[in-house]
Amino acid sequence: MAEWMNDPLYLIIARWCMQQKRWVSRVEIQAVFRIPARRASFQFSYISRKKSRVVCRARYLPREGGGSQRIELWVQDILPDNTGQKKSNLLPAKKGTGGRASSSRLGSGMTGNGCTWEKMLKRVREGDGDE
């Protein structure tokens, strides 16, 4: 437990869910960790969306009496943190390309038409628009 002391709450909850080896609901997380329903819902959301750290399955069940669906998670694995390692799959940044976006361009990739938008507006104001 001491090795998890600096881990975020969602990872601690995910480890507990993994130890259960069954479907776990937000209400269970709320009760076991003694946190408010809203916070339990946020932690549940973090667990289901952090694909880089948590391997889990989600299932959606209809609530009794209609309304929104109830979500349950089954945490299968927790992946190691790779933040200290350099990512080798990233491409090196290009230097000196000069391809900055400019607000004076009408569309992306258009060159030599820096005043096109102003010219079009001027024609419309003067009444020479395509009507």
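In this text, residue positions in the sequence shown follow my numbering: the first is 28, and each later residue adds one.
Backbone N, C-alpha and C fix where the C-beta goes; we use that ideal spot for every residue, glycine too.
Bear in mind the structure is a predicted one, so any value in this text is a computation, not a measurement.
Exercise. Under a Cβ-count criterion, where at least 16 other Cβ atoms within 10 Å of its own Cβ denotes burial, should Ala85 be classed as buried or exposed?
Worked result: Taking the first residue of the sequence shown as 1, we reach residue 85 at position 58. It is exposed - the Cβ of Ala85 has fewer than 16 other Cβ atoms within 10 Å.
Exercise. So what does DSSP say about Leu106, is it helix, strand or coil?
Worked result: Counting from 1 along the sequence shown, the entry for residue 106 is found at position 79. Coil.
Exercise. Can you list the alpha helix (DSSP H) stretches of 4 or more residues lying completely in the region 32 to 100, in chain order?
Worked result: Along the length of the region 32 to 100, whole alpha helix (DSSP H) runs at least 4 residues long occupy 36 to 47, 53 to 60 and 64 to 76, reported in chain order.
For this session: Answer yes if the region 47 to 59 comes into contact with the region 95 to 106, meaning at least three C-beta pairs across the two stretches below 8 Å, and no otherwise.
Result: Using a C-beta cut-off of 8 Å, the region 95 to 106 makes contact with the region 47 to 59, since at least three inter-stretch Cβ pairs fall below that distance.
Exercise. Terminal residues of the continuous alpha helix (DSSP H) containing Glu153?
Worked result: Reading the sequence shown from its first residue, position 126 is the one you call residue 153. Unbroken alpha helix (DSSP H) run through Glu153: Thr143 to Glu153.
Exercise. Shortest alpha-carbon distance to Val104 belongs to which of Asn33, Ile39 and Glu30?
Worked result: Reading the sequence shown from its first residue, position 77 is the one you call residue 104. According to the sequence shown, residue 104 is Asp rather than Val. Closest in C-alpha terms to Asp104, from the list Asn33, Ile39 and Glu30, comes Ile39.
For this session: Compute the Euclidean distance between the alpha carbons of Pro63 and Gln57, then round it to the nearest angstrom.
Result: The count along the sequence shown starts at 1 and reaches residue 63 at position 36. The count along the sequence shown starts at 1 and reaches residue 57 at position 30. Rounded to the nearest angstrom, the two C-alpha atoms are 6 Å apart.
Problem set entry | Cα-Cα separation between Arg150 and Cys142, rounded to whole angstroms | Within the sequence shown, the letter at position 123 stands for residue 150. Within the sequence shown, the letter at position 115 stands for residue 142. Between the C-alpha atoms of Arg150 and Cys142 there is a straight-line separation of about 12 Å.
Exercise. For Arg49, which of Phe60, Pro35, Cys83 and Tyr37 has the nearest alpha-carbon?
Worked result: By 1-based counting over the sequence shown, the position of residue 49 is 22. Looking at the Cα atoms, Cys83 is the closest of the given residues.
Exercise. Taking Cβ positions, are Gln70 and Leu106 nearer each other than 8 Å?
Worked result: Translated into positions along the sequence shown, residue 70 becomes position 43. Translated into positions along the sequence shown, residue 106 becomes position 79. Cβ distance not < 8 Å, so Gln70 and Leu106 don't count as in contact.
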